[in-house]
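Enquirer: In the order they appear, the protein sequences are chains A and B.
Residue numbering for the first sequence follows our numbering, beginning at 27 and increasing consecutively.
Residue numbering for the second sequence follows our numbering, beginning at 27 and increasing consecutively.
From the three backbone atoms N, C-alpha and C, an ideal C-beta is built for every residue, glycine too.
Protein chains: 2
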Amino acid sequence: MVSRKEVAEKANVSQAVVSYVINNSNYVNAKTRERVEKVIAELGYRPNMIARSLKTSQSHHIAFVCNDFNNPFFPQIAADVTKAAFENGYLLSINDLGYDDTRIELLLQYKVDGMFIASDLFTSEEINAFAQQGIAIVLFSNRKYHNLDPSVACIKIDIYDGMSRLMIYLLGKGHRNFAFISSARFEKREEASGAPENYRYSAFKDRVAEWGGSEESFTIESVVAFDQIADIVNKLLHKRTKVTAIVAGNDAIAFMIIEYLQSRGVRVPQDVAVTGFDAIRYASIFSPKLTTVDLHLDWMSQTAITLLLRIIRKQPYKHVCWDSEVRIGDSA
Amino acid sequence: MVSRKEVAEKANVSQAVVSYVINNSNYVNAKTRERVEKVIAELGYRPNMIARSLKTSQSHHIAFVCNDFNNPFFPQIAADVTKAAFENGYLLSINDLGYDDTRIELLLQYKVDGMFIASDLFTSEEINAFAQQGIAIVLFSNRKYHNLDPSVACIKIDIYDGMSRLMIYLLGKGHRNFAFISSARFEKREEASGAPENYRYSAFKDRVAEWGGSEESFTIESVVAFDQIADIVNKLLHKRTKVTAIVAGNDAIAFMIIEYLQSRGVRVPQDVAVTGFDAIRYASIFSPKLTTVDLHLDWMSQTAITLLLRIIRKQPYKHVCWDSEVRIGDSA
DNA sequence: CTGTTAGCGCTTTCAC
DNA sequence: GTGAAAGCGCTAACAG
Chain A
27 MVSRKEVAEK
37 ANVSQAVVSY
47 VINNSNYVNA
57 KTRERVEKVI
67 AELGYRPNMI
77 ARSLKTSQSH
87 HIAFVCNDFN
97 NPFFPQIAAD
107 VTKAAFENGY
117 LLSINDLGYD
127 DTRIELLLQY
137 KVDGMFIASD
147 LFTSEEINAF
157 AQQGIAIVLF
167 SNRKYHNLDP
177 SVACIKIDIY
187 DGMSRLMIYL
197 LGKGHRNFAF
207 ISSARFEKRE
217 EASGAPENYR
227 YSAFKDRVAE
237 WGGSEESFTI
247 ESVVAFDQIA
257 DIVNKLLHKR
267 TKVTAIVAGN
277 DAIAFMIIEY
287 LQSRGVRVPQ
297 DVAVTGFDAI
307 RYASIFSPKL
317 TTVDLHLDWM
327 SQTAITLLLR
337 IIRKQPYKHV
347 CWDSEVRIGD
357 SA
Chain B
27 MVSRKEVAEK
37 ANVSQAVVSY
47 VINNSNYVNA
57 KTRERVEKVI
67 AELGYRPNMI
77 ARSLKTSQSH
87 HIAFVCNDFN
97 NPFFPQIAAD
107 VTKAAFENGY
117 LLSINDLGYD
127 DTRIELLLQY
137 KVDGMFIASD
147 LFTSEEINAF
157 AQQGIAIVLF
167 SNRKYHNLDP
177 SVACIKIDIY
187 DGMSRLMIYL
197 LGKGHRNFAF
207 ISSARFEKRE
217 EASGAPENYR
227 YSAFKDRVAE
237 WGGSEESFTI
247 ESVVAFDQIA
257 DIVNKLLHKR
267 TKVTAIVAGN
277 DAIAFMIIEY
287 LQSRGVRVPQ
297 DVAVTGFDAI
307 RYASIFSPKL
317 TTVDLHLDWM
327 SQTAITLLLR
337 IIRKQPYKHV
347 CWDSEVRIGD
357 SA
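#1: For B/V273, which of helix, strand or coil comes out of DSSP?
#2: Spell out the partners DSSP gives A/F244 in its beta bridges.
#3: May I ask you to report which of helix, strand or coil DSSP gives B/L117?
#4: Can you have a look at A/C92 and say buried or exposed, based on whether 16 or more other CB atoms are within 10 angstroms of its CB?
#5: Helix or strand or just coil, what does DSSP make of B/L147?
#6: Going by beta-carbon coordinates alone, are A/N260 and A/F303 separated by less than 8 Å?
#7: Just mark A/D122 as buried or exposed, buried being the case when its beta carbon has 16 or more other beta carbons within 10 Å.
#8: Whole angstroms are fine: how far does the CA of B/Y171 sit from the CA of B/A179?
#9: Going along chain A, which residues have a C-beta under 7 Å from B/R129?
#10: Secondary structure at B/M282, three-state DSSP: helix, strand or coil?
#11: Measure the alpha-carbon distance for A/S190 versus A/M326 and round it to whole angstroms.
#12: Name, in chain order, the residues that DSSP records as bridge partners for B/I88.
#13: Note down the Cα distance separating B/Y286 from B/H264, rounded to an integer number of angstroms.
#14: Pairing CB atoms from the stretch 279–298 of chain A with CB atoms from the stretch 301–319 of chain B, are three or more of them under 8 Å?
#15: Can a CB atom of chain B be found closer than 8 Å to the CB of A/S209?
#16: Is the Cβ-Cβ distance between A/I76 and B/L118 less than 8 Å?
#17: With C-beta atoms as the reference, is B/A144 less than 8 Å away from B/I120?
#18: Leaving out five residues before and five after A/F95 in sequence, what residues of the same chain have Cβ atoms less than 7 Å from its Cβ?
#19: At a CB-CB cut-off below 7 Å, which residues of chain B make contact with A/I311?
#20: For the beta strand (DSSP E) containing A/I320, name the first residue and the last one.
#21: Between B/G302 and chain A, is the shortest Cβ-Cβ distance under 8 Å, so that the two count as touching?
#22: Does any C-beta atom of chain A lie closer than 8 Å to the C-beta of B/E217?
#23: Quickly, what does DSSP pair A/A256 with across the bridge? List them, please.
#24: Hey, how far is the Cα of B/T332 from the Cα of B/Y116?
#25: Closer than 6 Å by C-beta to A/N173: which residues in its own chain qualify, once you throw out the five before and the five after it? Chain order, please.
#26: Three-state secondary structure (DSSP) at A/K214?
#27: For a contact defined as C-beta to C-beta under 9 Å, what are the partners of A/A104 on chain B?
#28: At a cut of 8 Å, does the stretch 130–144 of chain B reach the stretch 83–90 of chain B through at least three beta carbon pairs?
#29: Can you name the residues of chain A whose CB is closer than 9 Å to the CB of B/K170?
#30: Tell me, please, whether the CB atom of A/T108 is closer than 8 Å to any CB atom in chain B?
#31: Go ahead and pull the three-state DSSP assignment for B/S209.
#32: Going by the beta-carbon positions, is the gap between B/S142 and B/L334 smaller than 8 Å?
#33: Along the stretch 62–91 of chain B, what residues have a CB closer than 7 Å to any CB found in chain A?
#34: Short of 7 Å in beta carbon distance, which residues of its chain neighbour A/F230, apart from the five on each side in sequence? Order them along the chain.
#35: Which word fits B/E217, buried or exposed, when buried means at least 16 other C-beta atoms lie within 10 angstroms of its C-beta?
#36: Give the DSSP-derived three-state secondary structure of A/F166 in the structure shown.
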């Protein structure tokens, strides 16, 4: 692999000059510059980011962290974030950590400059520890965190409000018996993180309670693996008080539920209404078009990268919030 | 950020001993080891992979390269490959290069140890250049390449055969007027790469020709962006000789086509049959269940990582091939 | 069993 | 405008 030394020798300059040319960091005689550039092209020299990182202690490497790549929500965001990172000269590595705690350790050894955390699995303490190690952190938060380090930037979408409106829509349609089926994500660290109140869940509960729903009027279920959905839905179908609306924690789960219902001959939405959440791209492509909550995901990638870069460059920044919006489809 | 020096000082040993402990690369007195490990834990020291990489010229970093993360095919593979890489102590960065040539340049500066290329966009020359720079290359190839460097390992799925069988199935069902709609991927570099014969396309053509289909009996279309699908399908619907079977280049495209057809009131498969390709997870989840070709994608990730590691470790390896298989669903 | 040391490829200060 | 040199954190050969 050709190094800067060879370039310097062949161009009859010192290694410093090669640096100046590459980084445009110092005056270089036009003729010299040309000569160096020619040699670089001839030799196919490419600066070694690893050495540069070691010297500058900036890896130009950002990590996108999530825990369920099987939910199209994450790849969709990841693709956009990758693009935005690249455009700013950063490498983005996408990390689906799953439920495996050891993986983050490996990641930390690579000394990423920043992490975009789109996962509810970390406790405030863990996130703060990252930040205190000097890693820029942008957190897309679906739940409450207590005592986050002030250097952590949050992207907040008003999910509580979105779910509230969705529930109000369903109540308006006459639904009175609900089930809430969500991924198990937010439960795992419940103890560790104090009160990890998931906004989707709490809005669901609050609206049911507000209407005056009894214990009998709703069911809460959570799935870890998709193949559990059949069992859960089956259980619901056999409930004494018939569930008329299933509120899924995200679009991916909603689709699975609908598919299973249809395979059992249950019509959606005539027999049971099903709603999603997130408005992933597929929500409007696959049939039935999902009634879901639009998170305006297209704002996410630019916002995340902009925030990350501002933190890295020690520029001031603010937390970013935006609204979510109910989108009526054919499923409820 | 705490470095090895501090650990050494606090544990009253030389920096070398700290290395020995971490890497298990030399005898260390049990007591000393214990002392060092204690200090490491206390200080929360994490080895700096960047410095290590510079020294060993092994980045322990693998890149997954694709060009269309919007097709669920790629995230699905990416998730599995990430896991397999992690389990072997490698960081995997996922790179959706899109159609942007400059992005690969950035990636190369990071001196990845290997690349898993799941993209048809590179020419043999480009791939060979990567390999000659000492990057381990595993290529998931959908088309013919000429004169690939022998150090490039290929994962080949018998796609030609799969598409052939799919066509034979359709011909058996009485279809005689076809359209082939594929992503534009394989066309872009047509000139540059000599004869980039895409197996899906050639099998489609060959089977039609074999049956004796005239020029009128099939149409070839390719899409770059999903929103072109409406126009293309519209065009097909207005053809003089009515198309009865649409053969999509992949499942994602098939779903879009079906969705558009249904929105126009065209029934699938009664009015028009549609087939997919790849058997992504969603092919059997969303309705109608796709008639598609199963590529046994679950074999991919382990195979790719195993091959990559063998190349990196200079162990012998072989190209890997396996069959594809028609899976009959409800769409054709 | 432990320590000393050279050097990976680069940036950057300072001297010329 | 250009060059010499120090040093980022680590590994590994070698000496003791």
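Expert: This is what the structure gives:
#1: strand
#2: A/F204
#3: strand
#4: buried
#5: coil
#6: no
#7: buried
#8: 12 Å
#9: F112
#10: helix
#11: 22 Å
#12: B/L118 and B/G140
#13: 15 Å
#14: yes
#15: no
#16: no
#17: no
#18: P101 and D122
#19: F281, M282 and E285
#20: One point to set straight first is that residue 320 of chain A is Asp, not Ile, in the sequence displayed. Start and end: T318 to D320.
#21: no
#22: With a pLDDT of only 43 at B/E217, under 50, the local geometry of the prediction cannot be trusted, and no value is derived from it.
#23: None, per the DSSP bridge assignment.
#24: 12 Å
#25: S150
#26: Legend: pLDDT at A/K214 = 48, less than 50; position of this residue unreliable, no value from coordinates given.
#27: F95, P101, A104, I120 and D122
#28: yes
#29: Result: empty, since nearest Cβ-Cβ is about 27 Å, beyond 9 Å.
#30: yes
#31: strand
#32: Contrary to the premise, residue 142 of chain B reads as Phe rather than Ser in this sequence. Result yes, Cβ atoms of B/F142 and B/L334 sit closer than 8 Å.
#33: R72, P73, N74, M75, I76, A77, S79, L80 and S85
#34: M189, M193, F206 and V273
#35: Residue placement at B/E217 is flagged as unreliable, the pLDDT there being 43, under the threshold of 50; the coordinate-derived value follows with that caveat. Counting Cβ neighbours within 10 Å, B/E217 comes out exposed, since fewer than 16 surround it.
#36: strand
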